[in-house]
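Here is the structure we will look at.
There are 2 protein chains.
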Amino acid sequence: MKLATLRNGTRDGALAIVSRDLSKAVYAADTIAGLATLQQFLDDWDGYALAAERIAAEIDGATSNDEATRLPLFDFDPRQAMAPLPRAYQWADGSAYINHVELARKARGAEMPASFHTDPLMYQGCSDVFIGAMEPVPVVDDAWGVDLEGELAVIVDDTPMGATAAEALDHVRLITLVNDISLRNLIPNEVAKGFGFFHGKPASSFAPVTVTPDEFGPSWREGKVHLPLLASVNGKLIGRPNAGIDMTFSFADLIAHAARTRRLGAGTIIGSGTVSNKQEGGPGKPVGEGGEGYTCIAEIRVVETLLTGQPKTPFLRSGDRMRLEMRDADGASIFGAIDQVIVRYEGN
Amino acid sequence: MKLATLRNGTRDGALAIVSRDLSKAVYAADTIAGLATLQQFLDDWDGYALAAERIAAEIDGATSNDEATRLPLFDFDPRQAMAPLPRAYQWADGSAYINHVELARKARGAEMPASFHTDPLMYQGCSDVFIGAMEPVPVVDDAWGVDLEGELAVIVDDTPMGATAAEALDHVRLITLVNDISLRNLIPNEVAKGFGFFHGKPASSFAPVTVTPDEFGPSWREGKVHLPLLASVNGKLIGRPNAGIDMTFSFADLIAHAARTRRLGAGTIIGSGTVSNKQEGGPGKPVGEGGEGYTCIAEIRVVETLLTGQPKTPFLRSGDRMRLEMRDADGASIFGAIDQVIVRYEGN
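For the record, the sequence lines run as chains H and U. Here numbering that gives the first Met the number 0 is used: the first residue of the first sequence is 0, the next is one more, and so on. Here numbering that gives the first Met the number 0 is used: the first residue of the second sequence is 0, the next is one more, and so on.
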């Protein structure tokens with residue numbers, strides 16, 4: 000089942016059920032009594048899931064097999080998509096791809112403790128305002144060093160405190176694709192203060208559609224999505240790392256980590272951190288040289304520095320376009336694309 | 000105006016308007032069409048405020064002056080209070096009382112950079128699950144070093160990115176009292192990882208009632224509340240520091256800091272950090288010796304260590320009771336008390 004939240008003038012938008020091929024959609028409220036938003040669905044997943052799955056199957060029958068339907072279908076337009084949860088009660092972002100952590104720390108001259116291979120990194124990000132897949136990203140100052148970060152994330156339902164990794168995957172209701180926008184030049188100073196990220200991690204963007212795990216078939220296994228994540232900047236592919244490779248901590252591990260001292264409320268979003276493959280000989284290899292590339296500029300710059308003594312790819316600026324997408328084995332887009340432009344913020 | 004959220008079996012509870020003396024209340028939904036929750040109120044503050052203030056005035060007329068009312072009043076019972084926002088979209092906790100920061104860092108042998116006097120510390124805490132004022136606090140392991148932290152917080156409405164300190168106070172809709180429960184023994188390791196607090200800061204608790212700034216009269220000025228915060232453990236007063244003293248960063252500064260690279264959604268909660276007075280000669284003086292004492296155990300332990308070479312007050316354990324309250328000049332409780340017991344978490 001694929002779900003989207005469409006702009007309707009409210010803060011939480013209108014939940015829509017979307018066809019597998021992303022061509023058609025129907026408003027949940029038009030077919031399931033009382034179901035208006037994704038948060039409502041997550042608050043009572045078991046109460047709504049059967050009805051929603053039945054609608055999803057009927058949409059797919061109509062779009063794929065031309066079966067008759069009386070559903071009030073309309074053309075799905077990703078430009079109308081808000082983030083699936085336009086605001087959420089928790090966004091806990093891990094850093095499961097150790098290669099990214101290692102490169103990011105090399106970039107700022109920080110050590111990589113051995114414990115990072117056994118104890119996940121995780122921070123709480125802002126979740127009060129998320130950005131839609133095709134909305135512009137407002138930035139006050141290009142000198143802050145804007146960067147994209149390609150990530151997957153899962154959305155869980157109520158998860159008890161102390162849930163184990165084995166129990167955790169039962170709480171995964173949805174999988175989503177995130178651009179965890181980062182302001183690189185603000186991060187070293189604020190991390191040095193000891194309280195973690197704040198200014199360096201402004202609002203994140205989400206793909207138009209969020210997807211139940213069963214849609215992935217065998218590509219979702221052991222709490223990982225085994226598919227390449229495609230990242231482009233200004234129309235040029237910069238990365239295609241496989242999200243199932245080099246993920247030191249699976250989503251099962253990340254959820255259990257998040258729930259160690261607290262329960263997680265329905266609708267909590269748990270992020271994977273930047274997808275990154277080490278590749279043979281490490282630390283990475285550009286797409287142009289036959290490698291898997293990178294899903295953020297920071298890694299490109301570190302590799303450039305390691306190889307040539309200095310970075311040459313600049314961070315992003317107003318007018319630059321970022322694109323993230325994941326395709327299935329047949330080349331079909333799973334979540335739709337995050338495809339957005341950075342704009343100079345001109346004030347209220 | 001004083002507002003509370005009362006348990007009604009839903010995740011977001013029922014918004015109630017409470018008399019100034021905390022004796023009586025009325026459900027918002029019974030008097031203002033369509034207003035069921037505090038988040039709804041914050042989403043459209045200007046739309047609801049006039050009607051709510053009129054109701055509040057009528058309640059106060061009835062409770063203070065025995066004026067006739069047809070409002071369906073009932074006795075206010077703080078045991079029925081959830082956190083004012085039982086779940087919120089953002090909880091950004093500052094650390095505005097530098098004395099606390101200095102003591103906390105001394106406790107773990109960390110340096111205190113000079114920039115801490117000009118650049119506020121702030122982290123994003125979990126906001127998906129908050130604890131009511133008189134609810135027990137579940138903790139898995141007493142060895143984690145449970146501590147209370149007495150804080151004030153403000154709840155803002157939509158605040159634009161880049162809002163200045165001068166603009167910030169116009170967005171303060173409500174003031175509230177928080178117990179920012181901390182697991183001291185988990186913090187040093189996780190702070191060393193560079194991503195800030197996560198396990199060490201589980202769900203926070205909130206006073207039964209949240210209050211508009213006008214209720215404070217002259218005690219609310221320059222973005223600070225100039226009243227003592229009373230903290231007790233197991234019935235014994237451990238602190239009464241004045242929240243208006245030694246607050247290096249006002250709420251105006253903290254809101255502007257939070258909004259530097261992002262806009263803040265309505266209902267964002269901004270915390271002050273642990274209220275702490277340096278007192279003459281510093282670093283603090285116990286209530287028993289005529290000082291203002293402390294609103295957390297960690298500071299007591301650091302002062303003990305500085306004075307005698309080792310801490311002697313233990314952190315809290317299952318069965319211990321924490322109480323936080325703020326009283327006005329006449330001794331009347333402003334928010335009601337946070338009064339809660341730590342319990343051993345026995346699993347789902």
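We put the CB at the ideal spot given by N, CA and C, even for glycine. If you're wondering where the values come from, they're calculated on a predicted model, not measured in any experiment.
Taking the beta strand (DSSP E) that residue i belongs to, which residues open and close that run?
i, result
"U:Ala82", "Premise fails: U:Ala82 is in no beta strand (DSSP E) and is neither H nor E."
"U:Trp44", "Looking at the DSSP string, U:Trp44 is not in any beta strand (DSSP E); the run it does join, the alpha helix (DSSP H), is Trp44 to Asn64."
"U:Leu185", "No beta strand (DSSP E) contains U:Leu185, which DSSP labels as neither H nor E."
"U:Leu72", "Element bounds for U:Leu72: n/a, residue is neither H nor E."
"H:Ala13", "Ala13 to Val17"
"H:Val153", "Gly149 to Val155"
"U:Leu21", "No beta strand (DSSP E) contains U:Leu21, which DSSP labels as neither H nor E."
"U:Val136", "Val136 to Val138"
"U:Thr4", "Lys1 to Leu5"
"U:Ile268", "Ile268 to Gly270"
"H:Arg262", "Where H:Arg262 is concerned, there is no enclosing beta strand (DSSP E), given that its DSSP letter is neither H nor E."
"H:Tyr122", "Met121 to Gly124"
"U:Met325", "Arg320 to Met325"
Whole angstroms are fine: how far does the CA of residue j sit from the CA of residue i?
i, j, result
"H:Ala56", "H:Thr68", "11 Å"
"U:Ala230", "U:Pro112", "29 Å"
"H:Tyr344", "H:Val136", "9 Å"
"U:Thr163", "U:His170", "11 Å"
"U:Thr175", "H:Val128", "22 Å"
"H:Phe215", "U:Leu72", "54 Å"
"H:Lys311", "H:Ala142", "16 Å"
"H:Ala28", "U:Ile254", "37 Å"
"H:Ala167", "U:Asp329", "51 Å"
"H:Glu148", "H:Cys295", "5 Å"
"U:Leu226", "H:Leu305", "56 Å"
"U:Val210", "H:Val25", "42 Å"
"H:Ala80", "H:Arg86", "13 Å"
"H:Lys200", "H:Gly124", "7 Å"
"U:Asp43", "U:Ile16", "16 Å"
"H:Glu150", "H:Gly270", "7 Å"
"U:Glu288", "H:Glu110", "45 Å"
"H:Ile237", "U:Glu52", "56 Å"
"H:Thr62", "H:Ser218", "23 Å"
"H:Val286", "H:Tyr293", "8 Å"
"H:Glu189", "H:His198", "8 Å"
"U:Arg262", "U:Glu303", "42 Å"
"U:Arg326", "U:Lys223", "15 Å"
"U:Gly8", "U:Thr36", "13 Å"
"H:Ala258", "H:Gly346", "38 Å"
"H:Arg172", "U:Asp245", "47 Å"
Taking the beta carbon of residue i as the centre, do at least 16 other beta carbons fall within 10 Å, making it buried, or is it exposed?
i, result
"U:Gln309", "exposed"
"U:Ser275", "buried"
"U:Arg19", "buried"
"U:His350", "Examination of residue 350 of chain U is not possible in this model, given that chain U is present from 0 through 347 alone."
"U:His116", "exposed"
"H:Asn64", "exposed"
"U:Lys277", "buried"
"H:Leu2", "buried"
"U:Arg220", "exposed"
"U:Lys235", "exposed"
"U:Glu134", "buried"
"U:Pro240", "buried"
"H:Asn233", "exposed"
"H:Thr267", "buried"
"H:Leu102", "buried"
Considering residue i, what are the terminal residues of the alpha helix (DSSP H) in which it resides?
i, result
"H:Val340", "It is not in any alpha helix (DSSP H) - H:Val340 instead sits in the beta strand (DSSP E) that spans Ile337 to Arg343."
"U:Arg86", "Premise fails: U:Arg86 is in no alpha helix (DSSP H) and is neither H nor E."
"H:Ala167", "Ala164 to Ala167"
"U:Ala95", "No alpha helix (DSSP H) holds U:Ala95; DSSP gives it neither H nor E."
"U:Leu306", "Ile296 to Thr307"
Check: According to a CB-to-CB cut-off of less than 7 Å, which residues of the stretch 153-174 of chain H neighbour chain U?
Finding: Pro159, Met160 and Gly161
Checklist line | Runs of beta strand (DSSP E) wholly within the stretch 176-259 of chain U (minimum 3 residues, chain order) | finding: 228-232 and 235-238
Margin query: What are the residues in the stretch 117-136 of chain H lying within 8 Å of chain U by C-beta distance?
Written below: Asp118, Leu120, Met121, Tyr122, Gln123, Gly124, Cys125, Ser126, Asp127 and Val128
Check: Any residues in the stretch 30-48 of chain H with a beta carbon nearer than 7 Å to a beta carbon of chain U? Which ones, in chain order?
Finding: Asp42
Next item on the list: Below 8 Å between beta carbons is the criterion; list the residues of the stretch 72-102 of chain U that meet it against any residue of chain H, in chain order.
Entry: Arg86, Ala87, Tyr88, Gln89, Ala91 and Ser94
Item checked: Residues in the stretch 254-268 of chain H having any Cβ partner in chain U nearer than 9 Å -> His256, Ala257, Arg259, Thr260, Arg261, Arg262, Leu263, Gly264, Ala265, Gly266 and Thr267
Next item on the list: Scan the stretch 194-206 of chain U for residues whose Cβ lies nearer than 9 Å to a Cβ of chain H and list them as they occur along the chain.
Entry: Phe194, Gly195, Phe196, Phe197, His198, Gly199, Lys200, Pro201 and Ala202
Next item on the list: Note down, in chain order, all residues in the stretch 10-31 of chain H with a beta-carbon under 7 Å from any beta-carbon belonging to chain U.
Entry: Arg10
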